[in-house]
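Notes for the one structure printed next.
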Amino acid sequence: MYIYKTSGVCSTEIHIDVKDDKIEDVNFVRGCAGNLLGISSLVKGMKVTDAIDKLQGIQCGSKGTSCPDQLAKALLSMKNS
């Protein structure tokens, strides 16, 4: 399991399980439960690079980031570690 500390959003952490370059599970700590459960469900089974491409750069209001964008950053960080 990879744990990523978020920045600039309501969620505080993202827990990610990946196997063979496919996302098996994503859990957000805190944040908007319904939306984050939806995002987690949508990315399950998706290739890591596909999820990054779809989620990177999404903004929430004027924050400059969002929970989906933070997930993309987490996946990038995980790939580069």
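Residues in the sequence shown are numbered consecutively from 1, following full-length UniProt numbering.
The C-beta atom is built at its ideal place from N, Cα and C for all residues, glycine as well.
Inset, instruction - For Ser41, count neighbouring Cβ atoms within 10 angstroms of its own Cβ and tell me buried if that reaches 16, exposed if not. - result: Looking up residue 41 in the sequence shown gives position 41. Per the 10 Å Cβ criterion, exposed.
Legend entry - Sequence ranges, alpha helix (DSSP H) only - wholly within the UniProt domain "TSCPD" (4-76), length at least 4: Whole alpha helix (DSSP H) segments, 4+ residues: 33-43, 48-55.
Inset, instruction - Ignore the nearest five residues each way along the sequence and tell me which others in Lys22's own chain have a CB closer than 8 Å to its CB. - result: Along the sequence shown, read from residue 1 onward, the residue named residue 22 stands at position 22. So the list reads Gly45, Met46, Lys47, Val48, once near-sequence residues are dropped.
Inset, instruction - State yes or no: is the C-beta of Ser7 within less than 8 Å of the C-beta of Leu36? - result: The residue labelled residue 7 in the question sits at position 7 within the sequence shown. The residue labelled residue 36 in the question sits at position 36 within the sequence shown. With respect to the 8 Å criterion, Ser7 and Leu36 are not classified as neighbours on the basis of their beta carbons.
Inset, instruction - Could you tell me whether the Cβ atoms of Ile14 and Leu71 are closer together than 8 Å? - result: Position 14 of the sequence shown, counted from the start, is the residue given in the question as residue 14. Position 71 of the sequence shown, counted from the start, is the residue given in the question as residue 71. Their beta carbons are under 8 Å apart, which means Ile14 touches Leu71 by this criterion.
Inset, instruction - In angstroms with no decimal places, state the Cα-to-Cα distance between Ile16 and Asp53. - result: Position 16 of the sequence shown, counting from 1, holds the residue named residue 16. Position 53 of the sequence shown, counting from 1, holds the residue named residue 53. Straight across, the Cα-Cα distance linking Ile16 with Asp53 is about 17 Å.
Legend entry - Cα-Cα separation, Leu75 to Val18: To locate residue 75, count along the sequence shown from 1; it is residue 75. To locate residue 18, count along the sequence shown from 1; it is residue 18. C-alpha separation (whole angstroms): 9 Å.
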